[in-house]
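Notes follow the structure.
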Amino acid sequence: PAQSYITNWAQGGKIDKREIILKTLPKEKITLLKRTAERAAQVLGLNFAGIDIIFSKGLKSAYVLEGNAFPGYEKGFDLMKCLLDSLLK
1 PAQSYITNWA QGGKIDKREI ILKTLPKEKI TLLKRTAERA AQVLGLNFAG IDIIFSKGLK
61 SAYVLEGNAF PGYEKGFDLM KCLLDSLLK
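In this text, residue positions in the sequence shown follow full-length UniProt numbering: the first is 1, and each later residue adds one.
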């Protein structure tokens, strides 16, 4: 339907690159995204996760759509480097 929204990439939804999101959102909204994702991963008992989040109209609130223990990755994402960096912290 013309008035529906598709949030699932596999069903034709749009995924914006991280760089685009980070350039267009105010810093406090990026902080809200990070805190929301970290809290969702913690609640789900996941040390490494992909958390799908949407904002409410006007960017007032962030809502978790789902958490993935085996998320899809952007092309060029270096999983081993990310895991190693996480272990070395």
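Idealized CB from N, CA, C, for every residue including glycine.
Rounded separation between residue i and residue j - CA only
i: GLY12; j: GLU28; result: 29 Å
i: LEU87; j: THR24; result: 30 Å
i: GLN42; j: GLU19; result: 25 Å
i: LEU84; j: ASN47; result: 13 Å
i: LEU33; j: LYS89; result: 21 Å
i: ALA62; j: PHE55; result: 4 Å
i: GLY45; j: ILE53; result: 17 Å
Cβ distance (whole Å) where residue i is taken to contact residue j below 8 Å
i: ALA37; j: ILE51; result: 4 Å
i: ALA69; j: ALA40; result: Their Cβ separation, rounded to whole angstroms, is 12 Å, which puts ALA69 and ALA40 out of contact at 8 Å.
Residue i, enclosing alpha helix (DSSP H) - first and last residue
i: ASP16; result: Run containing ASP16: none; DSSP gives neither H nor E here.
i: GLN42; result: 27-43
i: LEU88; result: 79-88
Any C-beta of chain D under 7 Å from that of residue i
i: LEU25; result: Here there is only one protein chain, and chain D is not present.
According to DSSP, residues forming a beta bridge with residue i
i: LYS53; result: According to the sequence shown, residue 53 is Ile rather than Lys. The partner list for ILE53 (beta bridge, DSSP) reads VAL64.
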